[in-house]
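Trainee: Structure below; questions to follow.
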Amino acid sequence: MPSTEKIEQQIAELRNEKPTFFNTHQRNILGLIMERKPSAIVVDTEHKLMNINLDTIEIDFIPQAGDRVFICCNVQSDEHFVNRQGEILQEVSVHPARLQKQEKCEVRRLNTDWGVLNNDCYFTLDVVPNACKLDVGDIVLADLIECERDPYIWRCVKLSLLERKSPQVTTSSKAESSTNGESPSALNSRKESNHAITVSEDARCIFSATFQTKRIEMVIKNNIERNMHVLSIDFLGRRRDSQVKLVDPEHDNTAFEIPAHSSRALVFEIESKFYGESREFFVIKFEKFRVKRSISVVVCETEEEAKAALAQPNHSTMNGLNDGVQNLRQRSRYYANQVWSNKGEVIPGVGLATKRRFLSLRIAYYEVPERLRNAYLTSASRQEMIDRVENMFPCVKEELNIKNYTIRFQTLIFLEEIEYFVNFRNYDRERAHFTRDGEFLSLTIENLSERRPSLVIGDTVRAINPWSNDNDKRSYDGVIHKVLFNRILLKFNEGFQSKYNGEDFRLEFYYSRFSFRKQHFAVNRIIKHLGEPFLFPARVHTRDEPQLQIELNSDDNLMLQGKHYPWFNPMLNPIQKRAIRNILRGEAKNMPYVIFGPPGTGKTMTLVETMIQLIKLIPSSRLLIGTPSNGSADLIATRLIESKQLQPGDFVRLVSQNQIEKELVPEHLMPYCATVDMAADGTCDDSMIVTESGMKLRCQMKYLGRHRLTISTCTTLGNFLQMGFPSGHFTHVLIDESGQCTEPEVIVPVCLVSQTRGQVILAGDPHQLPAIVINRFATDRGLAISLLERIIGRTPYLRDMMRFPDTSGFDPRLVTKLLYNYRSLPSILNVYNELFYDSELRPMVNEKSSREAEMLKKLDVLLPLSEKRPKTHGIFFYGTRSENKQESDSPSWFNPLEARNVFLMAIKLYRQGIQPENIGIITPYLKQVKHLRTLFIEADIAMPKIGSVEEFQGQERDIVLISTVRSSQKLISSDLRHALGFVQSAKRMNVAISRARYLMFIFGNPHLLYLDHCWRSCIKYCVDNEAYLGCDLPDDFDSRPELKKDETMLDQDVSK
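Per the UniProt record's numbering, residue 1 is the first one in the sequence shown, and the count goes up by one each step.
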């Protein structure tokens, strides 16, 4: 008997091939949008003006007046119509008349709110991604639709920056005469100045430590027959932390006369105040001309470095990623493939628990395809490898859609697993031996706690006899039962373990594949489970009735069927309350609801209140709470306990055996924690164990299934996939920090939600760091893009200020953007608010009477003196021109001088009574993290948290010190192209600068960072508020032209 899907397919094919067999058919009508209303468009067609409601059609772009479109309509065939066209019954969808995707275009013009590409295309700035500040000459990839807005025939609806115009880096240290502000007569006298006066060339002063003093002389020589008058000697951009002082003549009396054919020496005193290189300029003003000179101050850490600097007068930089590192990567791939290809009998080890034979649903193994493995794990160049993979698996080059969804994501997951396998080879040993430790065999591994990827309980070590003969090719797997500081404890097969007597074996390390297998299963299942409306929404699908007929009254209190329901958290603000009300109503059917939570806006607080309200108001609800990390899950569980609204047994916190063994479960959460036994009910004895702390181990479905709320990481929640819960068992899935999860990771728990009455809530911030994906190839093809970020780019979720002016441009049925910032002083908030959040965030920390303002005032003694800067200005930039370094065996960078400056600032903060736990030090490179930690350890000083940007996401500190590390101007083009460190990486920068409550010091090279538009804005903000200190600024720092208001195009009547 043919299936329903087969019948529907045959009908669709017949309708497409022979529409005359049907009473109605679809027809495309060409039109021009004449007017854009908030929720409708008026389209002029050859038949009539059509008024189309945007809520009732599918549309994949934000329409504007002047766009040429096709309107897909349902038409009734009727032979009585003269034109045989039929009567239009319903508008189904609107699409651009012509669409060009990923066109390479040049930015030709920029105004305050619109711009021009290639002279024939215009765009409005709302299509430019946040923090992407365009310049004339930049190259972009643009999606263009046809329009009629003379002189423009295309409108850009989406763009991404492809290439910056070549940065102009000023590196010359040679002095030039200044022409700024010179009169015509002064310019005419330049030749006279060149012959009449000779001034010593730019000077360079080198120190081996801070707080040293030297004096240098620069000579002015008068070469003509008459006296020359020096009117003044002025420093340019003079700062209070200047290291150079003019002592003869004294600065207050710099007017003097130089007799004919005589000389006059200028004496400068230089005091080394901070490490690195700084350059200070001064101008000698004569009657008809001026001469500009500079003094460079280089402060080194040791005498040896100072001597090296003396021998190398120009600022030195390191070369890029060395060939040795690249060759090492190629060899690593080749070696990994050899290991993977090894065949032979493997004797399994003893696992942590008895392996269950009977499962309600068994997930397939999803082995990595051999041809993909061979294509990727090759010693060929990276480009050859990429070409080979793309030819074999063309789906990785295609745009993601419902047809290639499963195969594309599975290919990317396979690639991520391959990279994981390659990285695991770092643990392999050519020869090693075990030692006995009770019932285990112990293996020592140096620096185990610092290695990545980490070894966890359940991973295996394969012991291979290097002297085995052809008759015995067996190898033995040992399962890791405990991970200690520098060793692991394993259990092998009894026959191997009992006979082991200290022999050497070759060792290979293997990880558990279960998390990858769950993701493969999920991206396959989701297609049928929730399908295209959930994964690729093109319009808002609404329920017949809201989930709850709930409203907010005039006091923003919940009202349901005339009854008042309380807020359990009285601190909620109006926007948080609206978000919860929208979720409780749940008007959209099978579409994710997004809580867009910028830094410090109370996203987790909103999510916790939502959970409690769902449980209280919908008695039949059962919630799954997924997070990217155990820390996030612990935080939510803690907040639920603190709310005192749930009874014991209402929720459970699922944990892994690895967390228990490593003692990572917080003590106050232990009574709420449990581990999973996936055996099907009735197939084995109930073996649940309750520990003294209250943790419940090896829990089966009959125990776990009754909780109203289950909290865990997304991957751990995937254990439920094999436990046979009935359809509709879980009604809601809420994902916190969903921007930090890959889409397959989020889909794992989403696959468990009810198809008929389910609701998915994604909370996060698409402008912060995405998930960590170690495979660069997979990252470039979208694996690191979260479901949150992808969904919020779909048309129903796009920002449309005309349609939704009261909700930040977002449809309240789908998105709420939280706006009240409770973290930072306004002076700190201003920077990331303007760069990344359309200046919509509202500061809730009072800059006059808050704890943060009072604490900052106490540190005033550490801050540069300024009469202009407000006392509550909390962000400072410390300019450092120094050298970034890279060791031969690692691509990571470190900057010793910059690290020393950060360390000294931490010492100063300690001396003012600041505790280490209130300070965070952030840097983008692991080598710099290690270098900074070494400084604290060697000095035997308490260490604040020092980590990468990823380690600080979701956290905050009173004071944050940021070390940007990179200082190489020679490599700026590469940095901009590859988004290295903080350069051209807006999300990484956003996370770093949004962690501080009241004080932030940024250490970096302004000569490099100012070429990145986001950093340029940050540095300029500090300079404008007299919060910049350290080295000189680039000469052309303020040269970027301002955008001008031009409304000639926008004010046109498009109907003409």
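For every residue, glycine included, the Cβ atom is placed at its ideal position computed from N, Cα and C.
Within 10 Å of its beta-carbon, does Gln212 have 16 or more other beta-carbons around it, so buried, or fewer, so exposed?
Mentor: Flag for Gln212 reads exposed.
Trainee: Return the chain-ordered list of same chain residues with a C-beta closer than 8 Å to the C-beta of Tyr703, the five sequence neighbours on each side being excluded.
Mentor: Closer than 8 Å at the Cβ level, and outside the excluded window around Tyr703, lie Ala674, Met688, Lys696.
Trainee: Tell me the rounded alpha-carbon separation between Asp544 and His529.
Mentor: Those two C-alpha atoms are separated by around 20 Å.
Trainee: Could you tell me the alpha carbon to alpha carbon distance between Glu609 and Ile875, rounded to whole angstroms?
Mentor: In a straight line, the C-alpha of Glu609 is about 33 Å away from that of Ile875.
Trainee: Please report the Cβ distance between Ala306 and Ile206, rounded to the nearest whole angstrom; I am assuming they are in contact, meaning their Cβ atoms lie under 8 Å.
Mentor: At roughly 5 Å, the Cβ-Cβ gap stays under 8 Å, so Ala306 and Ile206 are in contact.
Trainee: If I follow the unbroken beta strand (DSSP E) through Asn426, where does it start and stop?
Mentor: Unbroken run through Asn426: none, as it is neither H nor E.
Trainee: DSSP three-state label for Met218, please.
Mentor: In this structure, Met218 counts as strand in the three-state DSSP scheme.
Trainee: Would you tell me roughly how many angstroms separate the C-alpha atoms of Glu13 and Arg27, rounded to the nearest one?
Mentor: Taking the straight line joining both Cα atoms gives about 16 Å.
Trainee: Less than 8 Å separating the beta-carbons of Phe596 and Leu818?
Mentor: Contact flag set, yes.
Trainee: I'd like the span of the beta strand (DSSP E) that includes Asp143, first residue to last.
Mentor: Taken as a continuous stretch (DSSP letters only), the beta strand (DSSP E) holding Asp143 covers 139-149.
Trainee: Using a 10 Å radius around the Cβ and a threshold of 16 neighbouring Cβ atoms, would you call Phe521 buried or exposed?
Mentor: Per the 10 Å Cβ criterion, buried.
Trainee: Considering only C-alpha positions, which residue in the set Leu490, Tyr510, Asp459, Glu417 is nearest to Gln519?
Mentor: Among Leu490, Tyr510, Asp459, Glu417, the Cα nearest to that of Gln519 is on Glu417.
Trainee: According to DSSP, what are the bridge partners of Cys121?
Mentor: In the DSSP output, where bridge partners are listed per residue, Cys121 has Leu117, Trp154.
Trainee: Quick one: what's Glu91 bridged to in DSSP?
Mentor: DSSP output for Glu91 lists Cys73 as bridge partner(s).
Trainee: Just reading off the beta strand (DSSP E) that Ile921 is part of, what are its end residues?
Mentor: Note, Ile921: beta strand (DSSP E), 919-922.
Trainee: Ignoring anything shorter than 4 residues, give me the alpha helix (DSSP H) runs that lie fully in the stretch 720-750, in order along the chain.
Mentor: Counting only runs of 4 or more, we get 743-750.
Trainee: Would you mind working out which of Asp677, Val690, Ala679, Thr444 sits nearest Met670, comparing C-alpha positions?
Mentor: Met670 has its Cα closest to that of Val690, out of Asp677, Val690, Ala679, Thr444.
Trainee: Taking Cβ to Cβ, would you say Asn901 is nearer than 8 Å to Glu883?
Mentor: No, the Cβ-Cβ distance between Asn901 and Glu883 is not below 8 Å.
Trainee: Val960 lies in the beta strand (DSSP E); which residues open and close that run?
Mentor: Per DSSP, Val960 belongs to the beta strand (DSSP E) from 957-963.
Trainee: With distances taken Cα to Cα, identify the nearest neighbour of Ser200 among Arg279, Lys499, Arg997, Val291.
Mentor: The residue with the shortest Cα to Cα distance from Ser200 is Val291.
Trainee: Within 8 Å, do at least three Cβ pairs link the stretch 154-166 to the stretch 137-144?
Mentor: Short answer: they touch.
Trainee: How many whole angstroms separate the CB atoms of Lys987 and His767, which I take to be in contact at a CB cut-off of 8 Å?
Mentor: With a Cβ gap of about 6 Å, Lys987 and His767 count as contacting.
Trainee: If you follow the alpha helix (DSSP H) that Glu898 is part of, which residue opens it and which one closes it?
Mentor: 896-911 is the span of the alpha helix (DSSP H), which, as asked, contains Glu898.
Trainee: Can you give me the Cβ contacts of Trp440 inside the same chain, cut-off strictly under 8 Å, excluding the 5 residues immediately before and after it?
Mentor: Note that residue 440 is Phe in the sequence shown, not Trp. His481, Lys482, Leu489, Leu490, Lys491.
Trainee: What does DSSP give as the partner residue(s) for Ser294 in the beta ladder?
Mentor: Ser294 pairs with Phe281.
Trainee: Between the Cα of Pro619 and the Cα atoms of Ser963, Asp650, Asn846, which residue gives the shortest distance?
Mentor: Checking every option, the nearest Cα to that of Pro619 belongs to Asp650.
Trainee: Might you give, ordered along the chain, the residues of its own chain that have their beta carbon closer than 7 Å to the beta carbon of Asn51, omitting 5 neighbours on each side?
Mentor: So the qualifying residues of the chain are Ala40, Val42.
Trainee: Using only the alpha-carbon positions, how far apart do Tyr797 and Pro537 sit?
Mentor: The straight-line gap from Cα to Cα measures roughly 9 Å.
Trainee: DSSP on Ser871, reduced to helix/strand/coil?
Mentor: The amino acid occupying residue 871 in the given sequence is Lys; Ser does not appear at that position. Note: Lys871 maps to coil in three-state DSSP.
Trainee: For Tyr832 and Tyr1021, I'd like the C-alpha separation in whole angstroms.
Mentor: So the alpha carbons of these two residues sit roughly 11 Å apart.
Trainee: Could you give the first and the last residue of the continuous alpha helix (DSSP H) run that contains Met989?
Mentor: Counting along the chain, the alpha helix (DSSP H) containing Met989 begins and ends at 986-993.
Trainee: Could you give the DSSP three-state label for Thr601: helix, strand or coil?
Mentor: Three-state result, Thr601: coil.
Trainee: Buried or exposed: Ser498, going by 16 or more other Cβ atoms within 10 Å of its Cβ?
Mentor: Exposed: under 16 other Cβ atoms inside 10 Å.
Trainee: Is the CB-CB distance between Ile59 and Val94 below 8 Å?
Mentor: The answer is yes: Cβ separation under 8 Å.
Trainee: Nearest by alpha-carbon distance to Leu236: which of Asn590, Lys214, Ile284 is it?
Mentor: That would be Ile284, whose Cα lies nearest to the Cα of Leu236.
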